[in-house]
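Below is one structure; the comments refer to it alone.
As structure tokens, then:
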């Protein structure tokens, strides 16, 4: 399809085809020619994909805003009288669509060869797409064997998908959450647990109850959704704030300054709104301090001992997929250290480290006596 | 003096007078006409002052680098065989020179009317400048009654100066530390405490000992100096890292992200180099967490209760000086809330809050349910 035709088909605020395509990038992966949008522009979400090969549009998943204060934040944000509360899972967020076969796209709009293969195997969505060709499954790939996130869930030994949204892939419009739950149940797709529907006035209390339960299980948090599924709002647990800081400070020079501050912000507003007792707040502060200093110091010690630090992942799949995945990661300038690479029941299982270059370099510099000029 | 004449007199890397003056700003304070340099440029330090009225140059105080790791940091940094260790005080850093009378300049090169008056009264440096007209006293104004810093010292009830350097004000060249100590003693000027001279190999251990002593007294840290006084290096205590974080998180939206990260960096390298036991490190982590979360949450609660938050200071002086000081602060777009204003033994004593506008505004926004779009 030429650029004029794409421009005419898309509902975009770009006035001309060239204005629209200025921010799209062209790629070809496994015979699929497509354009993808690395940042939200012209009324299109980040990760929006235009498939040259088939003419399909796969809209990006919208960025979900957060409130720091549930009351009155929830009431101010939603126009809907009722909201549903669902668990927000900590995994790898993809959109799965039938464009020249089942294909999984990352948040940024790249084809992920590993997730694509996992989706074909674990979801087997052929029947679903035969009945609903124009939709996309918005899913979290969770479990220890994934190449992107390090969070584990007790219920998942290798990987699993949870479908948290079904959307029209051309317009991006979501199914209403109630309809989506029915539809996914019908096709046997697993979904995040739900904490039910609540009136807008009851919702802050219901979120607090859900958050307390999730927090004791070290789970991430919740997403609130309006009746039509169009308005989304997220809120996370203390365990998540601390775990994210601990992950970040294990690789302290890889994560931006804003990353740090935003998590501290969530903690501070949460301890105030939850009216933590002085003892409880102090305990929270201690856990917070531990999540910052302990991983940071351990990483310095590891570098001092000559180790190479980075994020460790294990992946499993047919040999070709694993090859494609490693190529895909290296294409993003990542340095991959393979720790083990073996066959297990016909599959290839690889454990590797994504080398954290800045952290290794900066820590070595300071250990060598490098000065900080302030 | 015209710009050509200044350009000829100064040792600067600027090729032309206009290149030199591009970054200087002109000011007049209490009849003193001068140019000052807000940032280091053209081989001249930040805060360098050119006095039109008298033709005097007052060079800025150089930025003092820091190491995160004493061994080998100290050995790599110094060329000198011996270094001296002196206490680094936490106060307000000024240069005091005789330019049309004793005048105190801030780090940025502004005349501070309050510090000028304090210097005339507390130091009375007339005799010193009569004998050494071409020098400047580099001093820390410490004590609770100052308009810039909040740190207190047990030994100081109101304010006191400590002279940590004497420099030629035109060339910026320092006296050797040994000579400076004799000279200051001769004129009765107090100086920071010294931890003696050490060989370069013994210095890291000596700094550790000094830091341990200073840490138990919640004092800031040390500055190492070469024999000629030209090379300077600083290193700070755990107590300072935590206190600075606590001050910053009492006004969390006023301080940059880099402020936060740089303190965490110092903590992490220090706990590694000091080989803290697991229990000691955990205790440090808890104190760190408390210094972040507790003041942050208390400030949110204060704003929720309708208070205006900011930094609280008390100053004391003759009524005219206090007027000049408040005018000086307001000139920098600070909002000053006067809490009390009274006369005590012929002096005016004012307690005021510098209103922290970003912190008040952002916290109110989030308390009202403002969303964070990530």
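Chains as they are written, first to last, in my numbering: chain L, 7 to 380; chain F, 7 to 380.
We put the CB at the ideal spot given by N, CA and C, even for glycine.
Annotation: residue 299 of chain L to residue 186 of chain L spans about 43 Å, alpha carbon to alpha carbon.
Secondary structure of residue 46 of chain L (DSSP, three-state): coil.
When C-beta distances to chain L are compared with 9 Å, the residues of the region 305-339 of chain F below that value are 305, 306, 307, 310, in chain order.
Three or more Cβ pairs drawn from the region 225-238 of chain F and the region 178-193 of chain F lie within less than 8 Å of each other, which places the two stretches in contact.
The beta-carbon distance between residue 295 of chain L and residue 292 of chain F, rounded to whole angstroms, is 5 Å. This is short enough to meet the 8 Å contact definition. In the DSSP assignment, residue 99 of chain L falls within the beta strand (DSSP E) that extends over 98-104. Residue 254 of chain F and residue 101 of chain F have their C-alpha atoms some 26 Å from each other.
In this model, residue 320 of chain F and residue 67 of chain L are separated by some 54 Å (Cα to Cα). DSSP places residue 190 of chain F in the helix class (H, G or I) of the three-state scheme.
Listed in chain order, the positions of the region 71-105 of chain F with a beta carbon within less than 9 Å of a beta carbon of chain L are 71, 72, 73, 74, 75, 76, 77, 78, 79, 80, 81, 82, 83.
Residue 78 of chain F counts as exposed, since fewer than 16 other beta carbons sit within 10 angstroms of its beta carbon.
The Cβ of residue 292 of chain F sits closer than 7 Å to at least one Cβ of chain L. Ranking L/315, L/117, L/153, L/104 by CA distance to the CA of residue 60 of chain L puts L/104 first. Looking from the CA of residue 377 of chain L, the closest CA among F/160, F/271, F/47 belongs to F/271. Per the coordinates, the alpha-carbon of residue 92 of chain F lies some 37 Å from the alpha-carbon of residue 313 of chain L.
Contact annotation for residue 212 of chain L against chain F: no contact, minimum CB-CB distance about 17 Å [criterion: below 8 Å].
The beta carbon of residue 158 of chain L is closer than 8 Å to those of 149, 150 in its chain, skipping five residues each way along the sequence. Residue range 284-310 is occupied by the alpha helix (DSSP H) that includes residue 310 of chain F, with no beta strand (DSSP E) assigned at that position. Residue pairing of residue 108 of chain F in beta bridges, as defined by DSSP: F/104. Beta-bridge partners assigned by DSSP to residue 318 of chain L: L/359. With a threshold of 16 other beta carbon atoms within 10 Å, residue 142 of chain F meets it and is buried. Using beta-carbon distances, residue 67 of chain F does not count as an interface residue toward chain L, since no partner is under 7 Å.
Taking the beta carbon of residue 295 of chain L as reference, the chain F residues within 9 Å of it are 288, 290, 291, 292, 293, 294, 295, 296, 297, 298, 299, listed in sequence order.
Here the C-alpha atom of residue 244 of chain L lies approximately 16 Å from the C-alpha atom of residue 285 of chain L. As the crow flies, the alpha-carbon of residue 96 of chain F is around 20 Å from that of residue 262 of chain F.
About 6 Å separates the Cβ atoms of residue 331 of chain L and residue 153 of chain L, confirming a contact at the 8 Å cut-off. Of all alpha-carbon atoms in L/343, L/72, L/329, L/80, the one lying nearest the alpha-carbon of residue 123 of chain L is that of L/329.
Annotation for residue 85 of chain L: 232, 237 place their beta carbon closer than 8 Å to its own, counting only its chain and skipping 5 residues before and after.
Assigned with DSSP and collapsed to three states, residue 150 of chain F falls in coil, not helix or strand. Each of L/223, L/257, L/201 was checked against the Cα of residue 315 of chain L, and the nearest Cα belongs to L/257. Beta-bridge partners of residue 203 of chain F (DSSP): F/90. Excluding five sequence positions before and after residue 74 of chain F, the CB atoms of its chain that fall closer than 6 Å to its own CB belong to 275, given in chain order. Residue 227 of chain F is positioned such that its CB atom lies closer than 7 Å to that of residue 94 of chain F. Approximately 7 Å separates the beta-carbon atoms of residue 135 of chain F and residue 108 of chain F; this is inside 8 Å, confirming the contact. Along the region 269-283 of chain F, going in chain order, the ones with a CB nearer than 7 Å to a CB of chain L are 270, 273, 274, 275, 277, 278. Interface criterion met: the Cβ of residue 378 of chain L is under 7 Å from a Cβ in chain F.
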